[in-house]
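*Asks:* The structure's right below; bear with me while I get my questions together.
Number of protein chains: 2
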Amino acid sequence: MDPTTPSLWERFRKYFVSYADLDFALDISRMRFADDFLTQMTPQAERAFGEMAELEKGTIANPDEQRMVGHYWLRDPQLAPNPELRADIEETNARIKKFAADVHRGVITSESQEKFAHLLLIGIGGSALGPQFIADALGSSNDPADIFFFDNTDPNGFDRVFAKMGDEIASTLVIVISKSGGTKETRNGMLEAQAHFEKAGLDFGKHAVAVTGVDSDLDKYAEQHGWLARFPMHDWVGGRTSVMSAVGLLPAALLGFDIDDFLAGAAAMDAHTRVPDVRKNAAMLLALMWYYAGNGRGEKDMVILPYKDRLALFSRYLQQLVMESLGKEKDRAGKIVHQGIAVYGNKGSTDQHAYVQQLRDGVPNFFVTFIEVAKDRATSRFEVEEGVTSGDYLHGFLRGTRAALYEKGRESITISIPEVNARQVGSLIALYERAVGFYGSLVNVNAYHQPGVEAGKKAATRLLELQARARKTLPKAPGQTAGELARALKADPEDVYHLLCHLAANDNSIGRTAAEEPAREQFFSR
Amino acid sequence: MDPTTPSLWERFRKYFVSYADLDFALDISRMRFADDFLTQMTPQAERAFGEMAELEKGTIANPDEQRMVGHYWLRDPQLAPNPELRADIEETNARIKKFAADVHRGVITSESQEKFAHLLLIGIGGSALGPQFIADALGSSNDPADIFFFDNTDPNGFDRVFAKMGDEIASTLVIVISKSGGTKETRNGMLEAQAHFEKAGLDFGKHAVAVTGVDSDLDKYAEQHGWLARFPMHDWVGGRTSVMSAVGLLPAALLGFDIDDFLAGAAAMDAHTRVPDVRKNAAMLLALMWYYAGNGRGEKDMVILPYKDRLALFSRYLQQLVMESLGKEKDRAGKIVHQGIAVYGNKGSTDQHAYVQQLRDGVPNFFVTFIEVAKDRATSRFEVEEGVTSGDYLHGFLRGTRAALYEKGRESITISIPEVNARQVGSLIALYERAVGFYGSLVNVNAYHQPGVEAGKKAATRLLELQARARKTLPKAPGQTAGELARALKADPEDVYHLLCHLAANDNSIGRTAAEEPAREQFFSR
């Protein structure tokens, strides 16, 4: 902003990397690292390049599950470590395109020979975040279908989607996505949808497609119930990097997006970021900036601010990709490190009106990543003032906020892309996938497993078992408190209390008496 | 979870506060504060109670703008410090109800005498986040209207909403919300909408309503152009606490929500949290937990996890309320403190699949607020296994995750509400509004101003002025680089470079030559 600081222009020229074929640029000049930082980090970066090369060749990179990690092969099947894998990718992609084309041409139709005009995607985590992001980023009103999601196990959430869809379920294709086939939220959503279709006199199987591991419970269920199709999830693709497998490609193709462009954009970014040259490698520079910002210990949150409505869900996508990959208790040597980087953000300039106050003035526990999209709109230019468009304002707010934050010592990265299309979205995802992998190497954590997610699920399973036992133990009339019931069940009174409160709120056969405090409430079955 | 820890049950009983009239409960037992913490903090809490009492009486609480801060009066006009304010609130609310009823009964219609069946709300920050949250939380398929938003200045974002609305704009009521009437994003959205309506042969003014400060530019514009109605934004209501003014009430009433219940829920929570008794005051307990978690310096992020789809936008609402209120450079004595608390989160159990890995195992820089909703659904019970519903799973995941985090030393607060309705949403908002006010007192920052938000806007304005000058300076053929143009303009070359790149991407009359690096690119006008 200040014309008396030519050094910023010099720094911009020095720390600006662009890829002409993608019209992509990364600007790290507003991160205040010292000029020798990149040189200092080169040995670690070299190691990360080496590890990534091994991973791409097919080493076992997820030792917990003894798996290869192959999401890079999905967009460049020639790189797959053996011909079987390569054929598997190519055949799956060909089947996806054929299936989508058949749906669009009305070769594959609903029971009543209607064209499928709506999609209901049932999945959670890696099986929903990618499809949600690309549907929002690339969708338009001319698409051959619109899309609804079940991404939770909230009964009212299911009901709300059903209410929105109304009679349209008759022309709805349901995509059930679960790698293991055992994810309870997805299983529940599938059972609820199936019941809803049956109530409407529709044969669920004639509307359903599965994306799941070969021979998983879901795979078998879909086969037994004569579903329209089944597409494989390869065991060497993790959920959070599955958007270029059938998980993301099937819904994308059905929505009419160009999946070849999507894959080609990722492949082009991969080609650039595979080059083991720190200063030209945007993924490595990103990883190094995260390392610099948080001292390699995640001390700063990553605030993602795309100045474009269509990219508003990118931060949610990145929350999973970054936090599940990097949020680890132990490093690869088994040392307790409590790594990770917190990610949040929605979109600019909207978020300026929500929390730039804190970013500029408040606790300096973050760095920002601005994402700029050069092209404002596809329709004709509209001026809100002489010579000035809404898009000029959007751009001005991005640059103005970047400057206002910098003035106060708040650092930022700026990524520029030409527009939001399948190719560019593919390239952005590929960039972050590789940056996350590199950062994992830099801080020596395994970015490809998730040992911490089981505990909550196991605890939930134990609670549901306790709920079943508690139901049976309830007296037929008031008289027992949670504490008394817990003693009989040899269980924790707090667990028993909460389970019974929840049952009493939802099951007429369970009663609860009011009392001054939880320990005195009494529960019974009617 | 562990039956051998009876102390957790005792702690739960001790640190559990409930309000029977709201069926509301707050459980702070899984925050590991010492038993004397609340006693130790009582003097500061007492001061905060006193300051809040003064604020509610009408002291100037925003000294920057010499304003009272009166959002508590909105739901209990009797508390307003003078009869004029009271009458103002009551009249505005009565006018809102009458206007909405007239729209619903078809007394106020579109130009073509159609009932208004759609709303387009144009606003940003406090003028959009509240309406977005309540529309998503309370909306159903039976509502008398659906709602679209312009909450940015993204041209493609406008186009996308227009494309979705299609011909329905003929039966669309547009609500333009801007307190100052000068917010550029909102002004731009209004101009774009006006042009779009005119292109469709519709008289924009006959579809438009303004919510704005009396005599603001927007107010005058609406009057001059014969808009359907104008509703006031009082100067004593801040944007981030405006959801119970016309900003939130007008769209809520038009959507068919019960605004009396919404206000009554807030008033009921206010009544409880006005009581200056630390142990019974849920808002003070929340504020004290934030203080405890982050050592009064915002050292931990606030992760908001409502286990209910309808509350997924609550965290975005709270991002503004918390971060804009508390993210301050200086305390009230003028000392540099860099306060604030970062807020993020979406919904459970969905987010478990995104980042519970990091929450449980990774960097321990957060505390969680779980929000439990007792009632699963309004429709009939559906079992996914014998005796078990999707809602039992949702509840099990909440409790299981809470336990799994606690095992690893990660702390959490749990709020319980009976269901997501207007009354409960009103009470939740009131709870957080007061907690934020209390926390401001505890850490001695002014929670009611936002001095840091102007810098980015001013920088953007300077850039747009520079853009206009740069346009005029451009040569008619290639030959000038950004650096050369900047010297002529006495401006920063980086600014000039980015402005011209953006123009070249969007205005055919501006040309840009490709080059190896930014400093060599040349710009010209055609």
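Residue numbers (my numbering), protein chains in the order written: chain A, 4 to 529; chain B, 4 to 529. Cβ atoms here follow ideal geometry from the backbone N, Cα and C, with glycine treated the same way. Predicted, not measured: the structure shown is a model, and the values here were computed from it.
(1) Taking 7 Å as the threshold (beta carbon to beta carbon), is A:S393 in contact with chain B?
(2) Identify the continuous beta strand (DSSP E) that holds A:V423 and give its terminal residues.
(3) Closer than 8 Å by C-beta to A:V423: which residues in its own chain qualify, once you throw out the five before and the five after it? Chain order, please.
(4) Residue ranges of each alpha helix (DSSP H) run of no fewer than 4 residues wholly in the stretch 256 to 292 of chain A, ordered along the chain?
(5) Tell me which same chain residues have a C-beta within less than 6 Å of the C-beta of B:A255, skipping the five on either side of it?
(6) Mark A:D304 as exposed unless 16 or more other C-beta atoms lie within 10 angstroms of its C-beta, in which case mark it buried.
(7) Find the residues of chain A that neighbour B:I127, judging by a C-beta separation of less than 8 Å, and give them in chain order.
(8) Just to confirm before moving on: does the CB-CB distance between B:G133 and B:G268 stay below 7 Å?
(9) Taking 7 Å as the CB-CB limit, is A:F317 close to chain B?
(10) Can you give the Cα-Cα distance for A:G412 and B:L122, rounded to whole angstroms?
(11) Using a Cβ-Cβ cutoff of 8 Å, what residues of the stretch 153 to 177 of chain B are near chain A? List them in chain order.
(12) Any beta-carbon of chain B closer than 7 Å to the one on A:N536?
(13) Note down, in chain order, every chain A residue with its Cβ under 8 Å from the Cβ of B:F369.
(14) Starting from the beta carbon of A:L132, find every residue of chain B whose beta carbon is closer than 7 Å, and list them in chain order.
(15) Cα-Cα, which of B:E195, B:T353, B:K338 is closest to A:Q322?
(16) Can A:A507 and A:P496 be called in contact, C-beta distance under 7 Å?
(17) In chain A, which residues lie less than 8 Å from B:Y396 when you measure between Cβ atoms?
(18) Output the residue ranges of the alpha helix (DSSP H) runs that lie fully inside the stretch 43 to 122 of chain A and measure 4 residues or longer, sorted by chain position.
(19) At the level of alpha carbons, what is the spacing between A:P522 and B:R190?
(20) Using the Cα positions of B:R384 and B:N155, report the straight-line distance between them to the nearest angstrom.
(21) Which residue spans inside the stretch 152 to 196 of chain B form an unbroken beta strand (DSSP E) run of at least 3?
(22) Could one say the Cβ of A:N449 lies closer than 7 Å to chain B's Cβ atoms, at least one of them?
(23) Measure the C-alpha to C-alpha separation of A:S444 and A:R33 and round it to an integer number of angstroms.
(24) Along the chain, where does the beta strand (DSSP E) containing B:V376 start, and where does it finish?
(25) For A:G299, collect the residues of the same chain with a Cβ closer than 6 Å to its Cβ; drop the 5 residues on either side in sequence, then sort them by chain order.
(26) Since B:R282 and B:L41 should fall inside the 8 Å C-beta cutoff, what is the C-beta to C-beta distance between them, to a whole number of angstroms?
(27) Flag this pair as touching only if the stretch 334 to 342 of chain B and the stretch 400 to 411 of chain B have three or more C-beta atom pairs under 8 Å; answer yes or no.
(28) B:S248 lies in the alpha helix (DSSP H); which residues open and close that run?
(29) Could you check if B:N1 is buried or exposed, using at least 16 other CB atoms within 10 Å of its CB as the buried criterion?
(30) In whole angstroms, what separates the C-alpha of B:L477 from that of B:K493?
(31) For B:M326, decide whether its Cβ has a neighbour in chain E, counting only Cβ atoms nearer than 7 Å.
(32) Could you give the distance in angstroms between the alpha-carbon of B:F165 and the alpha-carbon of B:W12?
(33) Would you mind sorting B:V2 into buried or exposed? The rule is 16 or more other CB atoms within 10 Å of its CB.
(34) Helix, strand or coil: which one does DSSP assign to A:A211?
(35) Note down the Cα distance separating B:A290 from B:M326, rounded to an integer number of angstroms.
(36) Under the rule that 16 or more other beta-carbon atoms within 10 Å means buried, what is A:M4, buried or exposed?
*Replies:* The structure says:
(1) By this cut-off, A:S393 is an interface position.
(2) Neither: A:V423 is in no beta strand (DSSP E) and is coded neither H nor E.
(3) Closer than 8 Å at the Cβ level, and outside the excluded window around A:V423, lie A140, L141, K311, R313, L314, V376.
(4) If we require 4 residues or more, the alpha helix (DSSP H) runs fully inside the stretch 256 to 292 of chain A come out as 262 to 276.
(5) Here B:A255 has I137, I262 as same chain residues with Cβ atoms under 6 Å from its own Cβ, once five neighbours each way along the sequence are excluded.
(6) By the neighbour-count rule (16 or more Cβ atoms within 10 Å), A:D304 is buried.
(7) Below the 8 Å Cβ cutoff, chain A contributes S352, T353, H356 as neighbours of B:I127, in chain order.
(8) Result no, Cβ atoms of B:G133 and B:G268 do not sit closer than 7 Å.
(9) With 7 Å as the cut-off, A:F317 does not count as an interface residue toward chain B.
(10) Distance between the alpha carbons of A:G412 and B:L122 is about 42 Å.
(11) From the stretch 153 to 177 of chain B, only D154, N155, T156, D157, P158, N159, G160, F161, D162, R163, A166, K167, G169 have a Cβ closer than 8 Å to chain A.
(12) There is no way to answer for residue 536 of chain A, as the model of chain A reaches only from 4 to 529.
(13) Using a Cβ-Cβ cut-off of 8 Å, B:F369 is close to A345 of chain A, given in chain order.
(14) In chain order: A357.
(15) Of B:E195, B:T353, B:K338, the residue nearest in Cα terms is B:T353.
(16) No, the Cβ-Cβ distance between A:A507 and A:P496 is not below 7 Å.
(17) At a C-beta separation below 8 Å, B:Y396 has these neighbours in chain A: T156, K187, E188, N191, A463, L467.
(18) Whole alpha helix (DSSP H) segments, 4+ residues: 86 to 108.
(19) Position check: residue 522 of chain A holds Ala in this sequence, whereas Pro was assumed. Straight-line measurement puts the Cα of B:R190 at about 56 Å from the Cα of A:A522.
(20) In this structure, the straight-line span from the alpha carbon of B:R384 to that of B:N155 is close to 41 Å.
(21) Listed in chain order, they are 175 to 181.
(22) Chain B, which has no Cβ nearer than 7 Å to the Cβ of A:N449, makes this no.
(23) So the alpha carbons of these two residues sit roughly 24 Å apart.
(24) Start and end: 369 to 376.
(25) V446.
(26) Between the beta-carbon of B:R282 and that of B:L41 there is about 6 Å, and that keeps the pair under the 8 Å contact cut.
(27) Fewer than three Cβ pairs drawn from the stretch 334 to 342 of chain B and the stretch 400 to 411 of chain B lie within less than 8 Å of each other, which leaves the two stretches out of contact.
(28) It is not in any alpha helix (DSSP H) - B:S248 carries neither H nor E in the DSSP assignment.
(29) Residue coverage of chain B in this structure runs from 4 to 529, which leaves residue 1 of chain B outside it and unanswerable.
(30) Straight across, the Cα-Cα distance linking B:L477 with B:K493 is about 14 Å.
(31) Among the protein chains of the structure shown, namely A and B, there is no chain E.
(32) Near 55 Å, if we compare the C-alpha coordinates of B:W12 and B:F165.
(33) With chain B covering only 4 through 529, there is no way to say anything about residue 2 of chain B.
(34) Residue state, collapsed to three classes: strand.
(35) The alpha-carbon separation between B:A290 and B:M326 amounts to approximately 14 Å.
(36) In this predicted model, A:M4 has a pLDDT of only 44, less than 50, meaning its place in the structure is not dependable; the value taken from the coordinates is given anyway. Counting the other CB atoms within 10 Å of its CB gives A:M4 a total of 16 or more, which places it among the buried residues.
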